[in-house]
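Residue numbers (the numbering used here), protein chains in the order written: chain A, 1 to 271; chain B, 1001 to 1299.
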């Protein structure tokens, strides 16, 4: 027989332990972002926390930081190209793989997803070896190709997940009612998987914008990307401007995330 | 969904009959990406294997010299070992903190859930450099932790927290936490709450219900989360190099150093291959566990 004492003590301790750990996890997740934001408004020359006084001077200093601006521009352009190509290639592949249970589909699925678990740095080195063996000079194009390989899996994953929601009966009825393949795709398939593609495109863009392992090997002097530039700043001088750039990036990310949440239900697509 | 089921109900189209005419051409849609991957992913990796088989840095003759050199030196093995171990530590801690967070999420109301999910996803989408930078501010000499310790009188001089393994593990746990929490939320949300109610009705306390019902049933999510977290933390070049600093050497920096600084491509290629095979080995082990755990759930 269960006695009455143990369950209450048990539920109290259980709730306490789980609650404490979850609270610690939340603090751990949120604190660094807040710390960077606060630090970026410092008036001083060091990364002291809390800052001695507050000002916008480091944000103002970004206006003249043309190296950082150039790098940001390259990263934005790269992200746009990589996302566009990843969406086209990834969505097409998802349509092919999604409905098939055959061995080739499982095999391709595993191949296309493998950049997610493979050490990206090793792939970056492999690409460098590949292009130099082929005698191709590093350029924006080679950089984009490397990024596409590591960004496509995100589009594929979210699109496949949303395709799984699509009832095949809808396609069949559309077909039996005389609709062509393209018409069925536009009017039945696309509306169902649109959010999945959107979320995948967003994550693919962010992953390219933030990529370092591939860019380390594939970026040449003319195409320096933002994360590498920031990494160099942090490694060499711990310049407070890095905090201001981080502040801008956090603000843009939060804004984009809220928009994507409204438009495509981002958080649902990520799970 | 129900409307669609109603349409199929008269038995006009079973899945088998309708699927037949589509199979013929559908695979062609995978062709562009398959070609792209064959040229720009598989070929480079095969080339990497080929380069690792050069016996000398000048790439004049073939041999297994690079691998013999790697495995013959205790230093290299220590670098590999500490990298793989770093992943284990980070994954274990991420699970310890991430699981209760996922559990809290599934127990919260809808408003709380949307707030929680934003806190969970935000770090995933914020630049890794930014997140790592935050840890430099937190762990630095003038950082929060040191200020706190000094003001509480727990330390007399600032401690060196940056460039230590403890600091690195803490930073990596934070950076990779979302990768653990998201799959856990997925599995925990799919759990049938009746099972826990049944276990409680039969007299099991919350601890017992958790250990005997919730935890075993969420094993697939645990495995998926651990896999992603592990793979991401062993290869986290930026966090390792900025928070770990020059004192500790892990495989990604080792590869970078051999390639960019020393231009020893064959050795860099060989250690890349060793690293990839080790990581894939661990991933496959996780996958086997995952398959076993799925069987356990369905049993």
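The beta-carbon is built from N, C-alpha and C at its ideal position, and this holds for glycine as well.
Measuring only the C-alpha atoms, how far is residue 1211 of chain B from residue 171 of chain A? As a first step, residue 1211 of chain B must be located in the second chain, where it is residue number 211. As a first step, residue 171 of chain A must be located in the first chain, where it is residue number 171. Rounded to whole angstroms, residue 1211 of chain B to residue 171 of chain A spans 44 Å at the Cα level.
For residue 158 of chain A, I'd like the list of residues in its chain whose CB is within less than 6 Å of its CB, leaving aside the five on either flank, ordered along the chain. For the purposes of this step, residue 158 of chain A is identified with residue 158 of the first chain, where counting begins at 1. Cβ within range, chain order: 196, 199, 200, 269.
May I have the straight-line CA-CA distance separating residue 38 of chain A from residue 254 of chain A, to the nearest angstrom? Mapped onto the first chain, residue 38 of chain A falls at position 38. Mapped onto the first chain, residue 254 of chain A falls at position 254. Computed Cα separation, rounded: 16 Å.
Mind checking if residue 197 of chain A is an interface residue toward chain B, Cβ cutoff 9 Å exclusive? Here the question's residue 197 of chain A lines up with position 197 in the first chain. No, residue 197 of chain A lies away from the interface with chain B (no Cβ there is under 9 Å from its Cβ).
Cβ of residue 1077 of chain B within 8 Å of any heavy atom in the ligand MG? Looking for the ligand MG in the displayed structure turns up nothing, as the structure carries no ligands at all.
Give every residue of the same chain whose Cβ lies closer than 7 Å to the Cβ of residue 134 of chain A, excluding the five residues on either side of it in the sequence, and list them in chain order. Stepping through the first chain from its first residue, residue 134 of chain A is reached at position 134. So the list is empty, once near-sequence residues are dropped.
Measuring alpha carbon to alpha carbon, tell me which of B:1203, B:1200, B:1234, B:1208 ends up nearest residue 213 of chain A. Within the first chain, numbered from 1, the residue matching residue 213 of chain A stands at position 213. Of the candidates B:1203, B:1200, B:1234, B:1208, the one whose C-alpha sits nearest the C-alpha of residue 213 of chain A is B:1234.
Pick out the complete alpha helix (DSSP H) segments inside the segment 134–162 of chain A, 4 residues or longer, and give them in chain order. DSSP runs (the alpha helix (DSSP H)) wholly in the segment 134–162 of chain A: none.
Report the rounded CA-to-CA distance for residue 1084 of chain B versus residue 1227 of chain B, giving the unit in angstroms. Locating residue 1084 of chain B in the second chain gives position 84, counting from the first residue. Locating residue 1227 of chain B in the second chain gives position 227, counting from the first residue. Each residue's Cα considered, the two are about 13 Å apart.
Could you tell me the alpha carbon to alpha carbon distance between residue 1118 of chain B and residue 1178 of chain B, rounded to whole angstroms? Taking the first residue of the second chain as position 1, residue 1118 of chain B is located at position 118. Taking the first residue of the second chain as position 1, residue 1178 of chain B is located at position 178. About 10 Å.
Within 8 Å, do at least three Cβ pairs link the segment 1101–1110 of chain B to the segment 15–23 of chain A? Short answer: they touch.
With the cut-off set at 9 Å, would you say residue 209 of chain A and residue 226 of chain A are in Cβ contact? On the first chain, residue 209 of chain A is found 209 positions in, with the first residue counted as 1. On the first chain, residue 226 of chain A is found 226 positions in, with the first residue counted as 1. Yes, the pair counts as a contact, with Cβ atoms nearer than the cut-off.
Beta-bridge partners of residue 1062 of chain B, as assigned by DSSP: Walking along the second chain from the start, residue 1062 of chain B turns up at place 62. In the DSSP secondary-structure assignment, residue 1062 of chain B is bridged to B:1054.
Could you tell me the boundaries of the alpha helix (DSSP H) in which residue 107 of chain A lies? The residue you call residue 107 of chain A lines up with position 107 of the first chain. Looking at the DSSP string, the run of the alpha helix (DSSP H) that includes residue 107 of chain A is 103–113.
Starting from the beta carbon of residue 1177 of chain B, find every residue of chain A whose beta carbon is closer than 9 Å, and list them in chain order. Numbered from its first residue, the second chain carries residue 1177 of chain B at position 177. Ordered by position in chain A, the residues that pass the 9 Å Cβ test against residue 1177 of chain B are 25, 28, 29.
Determine which residues of the segment 1266–1294 of chain B have a Cβ less than 8 Å from any Cβ of chain A, and write them out in chain order. Under the 8 Å Cβ criterion, the segment 1266–1294 of chain B contributes 1268, 1269, 1272, 1273, 1275, 1276, 1279, 1280, 1283.
Relative to the alpha-carbon of residue 151 of chain A, which residue among A:81, A:102, A:137, A:68 has its alpha-carbon at the smallest distance? Taking the first chain and counting its residues from 1, one reaches residue 151 of chain A at position 151. If we check each option's Cα against that of residue 151 of chain A, A:81 comes out closest.
Pairing CB atoms from the segment 1235–1253 of chain B with CB atoms from the segment 1132–1145 of chain B, are three or more of them under 8 Å? yes
Assuming residue 95 of chain A and residue 1033 of chain B are in contact, meaning their beta carbons sit under 8 Å apart, how far apart are those beta carbons, in whole angstroms? Counting from 1 along the first chain, the entry for residue 95 of chain A is found at position 95. Counting from 1 along the second chain, the entry for residue 1033 of chain B is found at position 33. At roughly 11 Å, the Cβ-Cβ gap does not stay under 8 Å, so residue 95 of chain A and residue 1033 of chain B are not in contact.
Since residue 1089 of chain B is in the alpha helix (DSSP H), which residue starts that stretch and which ends it? Working through the second chain from its first residue, we reach residue 1089 of chain B at position 89. Run containing residue 1089 of chain B: 1074–1107, per the alpha helix (DSSP H) assignment.
So, at 6 Å on beta carbons, what are the nonlocal neighbours of residue 239 of chain A in its own chain, with the 5 sequence-adjacent residues on each side left out? As a first step, residue 239 of chain A is located in the first chain; it is residue number 239 there, counting from the start. Counting only Cβ-Cβ distances below 6 Å, and skipping sequence neighbours, we find 233.
Would you mind sorting residue 241 of chain A into buried or exposed? The rule is 16 or more other CB atoms within 10 Å of its CB. By one-based count along the first chain, residue 241 of chain A stands at place 241. That one is buried.
Look at the alpha carbon of residue 166 of chain A and the alpha carbon of residue 1112 of chain B, and state the distance between them as a whole number of angstroms. In the first chain, counting from the first residue as 1, residue 166 of chain A sits at position 166. In the second chain, counting from the first residue as 1, residue 1112 of chain B sits at position 112. One C-alpha to the other measures close to 29 Å.
Count the CB pairs spanning the segment 1249–1269 of chain B and the segment 109–128 of chain A that are closer than 8 Å, and state whether there are at least three. Yes, they touch.
Using a Cβ cut-off of 7 Å, pull out every chain B residue sitting near residue 10 of chain A, in sequence order please. The residue you call residue 10 of chain A lines up with position 10 of the first chain. Ordered by position in chain B, the residues that pass the 7 Å Cβ test against residue 10 of chain A are 1205, 1206, 1207.
Give, in chain order, every unbroken run of the alpha helix (DSSP H) that is at least 4 residues long and sits entirely within the segment 174–203 of chain A. Look at the segment 174–203 of chain A and you find these whole runs of alpha helix (DSSP H), each 4 residues long or longer: 181–184.
Through-space distance from residue 1290 of chain B to residue 1108 of chain B, alpha-carbon basis: What you label residue 1108 of chain B is simply residue 108 of the second chain in a count that begins at 1. What you label residue 1290 of chain B is simply residue 290 of the second chain in a count that begins at 1. Each residue's alpha carbon lies about 27 Å from the other.
Distance between residue 33 of chain A and residue 250 of chain A (C-alpha atoms, nearest Å): The residue labelled residue 250 of chain A in the question sits at position 250 within the first chain. The residue labelled residue 33 of chain A in the question sits at position 33 within the first chain. Cα to Cα, residue 250 of chain A sits roughly 8 Å from residue 33 of chain A.
Quick one: residues in its chain with C-beta nearer than 7 Å to the C-beta of residue 90 of chain A, no 5 flanking neighbours on either side, listed in chain order? In the first chain, the residue the question calls residue 90 of chain A occupies position 90. If we look at residue 90 of chain A and ignore the five residues flanking it on each side, its Cβ neighbours are 152, 155, 156, 159, 200.
What does residue 1256 of chain B reach in chain A if we use C-beta pairs closer than 8 Å? On the second chain, residue 1256 of chain B is found 256 positions in, with the first residue counted as 1. Simply 121, 216.
Less than 9 Å between CB atoms is the rule here; does residue 1054 of chain B satisfy it with respect to chain A? The residue you call residue 1054 of chain B lines up with position 54 of the second chain. With 9 Å as the cut-off, residue 1054 of chain B does not count as an interface residue toward chain A.
Cβ neighbour criterion (16 or more within 10 Å) applied to residue 186 of chain A: Residue 186 of chain A sits at position 186 when you count from the first residue of the first chain. It is exposed - the Cβ of residue 186 of chain A has fewer than 16 other Cβ atoms within 10 Å.
Taking 9 Å as the CB-CB cut-off, is residue 1022 of chain B touching chain A? Along the second chain, read from residue 1 onward, the residue named residue 1022 of chain B stands at position 22. In this prediction, residue 1022 of chain B has a pLDDT of 47, which is less than 50 and means its spatial position is unreliable; nothing more can be read from the coordinates.
Would residue 183 of chain A be called buried (16 or more neighbouring beta carbons within 10 Å of its own) or exposed? Taking the first residue of the first chain as position 1, residue 183 of chain A is located at position 183. Result: exposed.
Between which residues of its own chain and residue 85 of chain A is the CB-CB distance below 7 Å, once the five residues before and five after are set aside? For this step, residue 85 of chain A is matched to residue 85 along the first chain. 148, listed in sequence order.
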